[in-house]
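Here our numbering is used: the first residue of the sequence shown is 5, the next is one more, and so on.
Below: one structure, written as structure tokens.
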Amino acid sequence: MASRRTARHDAEHGVRFSRTIFIMLIVVSSALIMFDRPASRSVAFAGFRASFTDIAAPLLELAAQPIRAVKGIGPYFRMQGDLARENAELRQQLIEARYWEDLAYRQRDRIEVYESALNVQTQATQDRIGAWTVADPQGPFVHARLIGRGSNAGIADGYPVINLYGLVGRVYETGERSARVLLLTDLNSNIPVMVDRSNSRAILTGDNSDYPRLQYLGRNPDIQAGDRIVSSGDDGVLPRGLPVGVAVPTREGGWRVELYSDQAPIDFVWVWPYQPAGIPQSETAELAAGENADEEPASETTPQADGGTTEPSQTEGEE
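Encoded structure:
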């Protein structure tokens with residue numbers, strides 16, 4: 005009996021103790037909530053909190069370092085695996101690049117021998133001119149850029165502009181320290197291009213979209229999806245073989261070009277000095293002589309009223 009009374013007494017006191025603690029916790033929580041209001045905060049309380057934060061922050065940072073180290077083990081090994089795979093891919097690409105470099109050197113030597121045997125006069129290559137680009141909101145065209153180099157750096161109208169991946173456009177207005185570049189996507193851009201695989205000619209026409217159109221391909225053009233499009237140089241303004249993009253078919257049965265230059269933002273470009281084919285000087289002289297002959301009078305005689313003619317009067321010196 006005594007043991008039962010003791011157990012019952014302990015249980016009742018335990019319940020009362022638990023209820024008392026619960027009520028006290030509610031009161032303390034309510035007080036903390038009330039004192040935590042911005043209007044109830046005092047300067048002393050704010051200073052105490054700031055001091056406590058200054059002391060606790062280094063301790064919390066020190067305690068968090070082991071946890072961060074444990075959490076970073078998995079990402080570290082995953083990153084090492086990714087770096088190993090990327091390193092292997094780069095090594096393979098380096099081997100292929102060296103092969104193509106050696107092949108390019110051999111082809112260059114062979115071409116030099118052929119040009120020397122055929123007495124072919126090629127245009128001397130000039131250094132490219134690098135420049136940064138900015139937007140051109142006040143220009144006359146929708147898709148155009150401004151570059152920070154001008155005629156003082158050797159830039160002239162018509163020069164092609166390229167970036168790391170391909171042709172961007174051409175220079176259409178040159179100042180002393182700046183120049184405007186008309187992009188291939190602009191509505192006023194038209195350049196002759198060709199399919200690198202089949203040499204099929206076309207005109208790349210911009211329409212203010214990201215994919216300019218291929219026009220004037222002919223009736224049965226030899227073109228396929230994914231064909232490489234390059235400049236043909238038929239206009240004599242742009243050099244031949246500049247990379248432009250990849251052929252993409254449309255739902256209407258036409259063709260557009262996914263530009264190589266869109267693979268990266270157009271921020272830094274190179275201007276390629278290129279002298280277009282001009283009219284020979286002999287033809288220019290003949291044209292000028294023909295124009296002068298057309299301006300001279302056909303006859304020095306003057307008609308009379310009766311249908312006859314009179315000879316021009318002699319000067320006083322001749323008399």
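Glycine included, every Cβ here is placed at the ideal spot set by N, Cα and C.
The three-state secondary structure of SER265, taken from DSSP, is helix. Within the same chain, Cβ atoms closer than 8 Å to the Cβ of LEU150 are found at THR137, VAL138, ALA139, ASP140, GLY143, SER182, ALA183, ARG184, VAL185, the five residues on either side in sequence being excluded. Of ARG95, TYR169, GLY158, the smallest CA-CA separation from VAL175 is found for GLY158. For ASN194, the enclosing beta strand (DSSP E) begins and ends at 194 to 199. In the DSSP annotation of this structure, the continuous segment of the beta strand (DSSP E) that includes GLU177 starts and ends at 171 to 178.
Per DSSP, the continuous beta strand (DSSP E) segment holding SER235 begins and ends at 232 to 235.
For ALA157, no beta strand (DSSP E) encloses it, and the DSSP letter there is neither H nor E. The beta-carbon distance between GLY230 and VAL250, rounded to whole angstroms, is 6 Å. This is short enough to meet the 8 Å contact definition. Straight through space, the alpha carbons of LEU187 and SER193 are spaced by roughly 7 Å. One thing to note: GLU119 has its Cβ no nearer than 7 Å to the Cβ of SER155. With contacts defined by Cβ atoms closer than 7 Å, ALA135 and GLY152 form a contacting pair. The alpha carbon of GLN267 has as its nearest neighbour, out of ARG260, VAL248, TRP276, TYR220, the alpha carbon of VAL248.
The Cβ neighbour count for ARG102, taken over all protein chains shown within 10 Å, is under 16; the residue is labelled exposed. If you check the CB distance, VAL252 and GLY245 do not come in under 7 Å. Ranked by how close their Cα comes to the Cα of ARG201, the residues ASP106, VAL32, ILE227, ASN123 have ILE227 in first place. Secondary structure note for LEU186: its beta strand (DSSP E) is the uninterrupted segment 183 to 187.
The C-beta separation of VAL261 from LEU191 comes to about 15 Å, leaving the pair out of contact by the 8 Å criterion. Taking all protein chains in view, the Cβ of PRO164 is crowded by 16 or more other Cβ atoms within 10 Å, so the residue is classified as buried.
Taking C-beta atoms as the reference points, TYR169 and TYR264 count as a pair closer than 7 Å. If you draw a straight line from the Cα of ALA92 to the Cα of ARG82, it comes to about 16 Å. According to DSSP, residue pairing for VAL273 in a beta bridge involves ALA135. In the three-state reduction of the DSSP assignment, ILE166 falls in the strand class, which pools E and B.
Nearest to PRO196 by alpha-carbon distance, out of GLU177, SER213, LEU218, SER33, is LEU218. Taken atom to atom, the span from the alpha-carbon of ALA108 to that of TRP274 is near 22 Å.
Secondary-structure assignment with DSSP links VAL252 through a beta bridge to ARG260.
Under the criterion of beta carbons closer than 8 Å, HIS147 and THR189 qualify as touching, at roughly 5 Å.
Under the three-state reduction of DSSP, ILE151 is assigned to strand.
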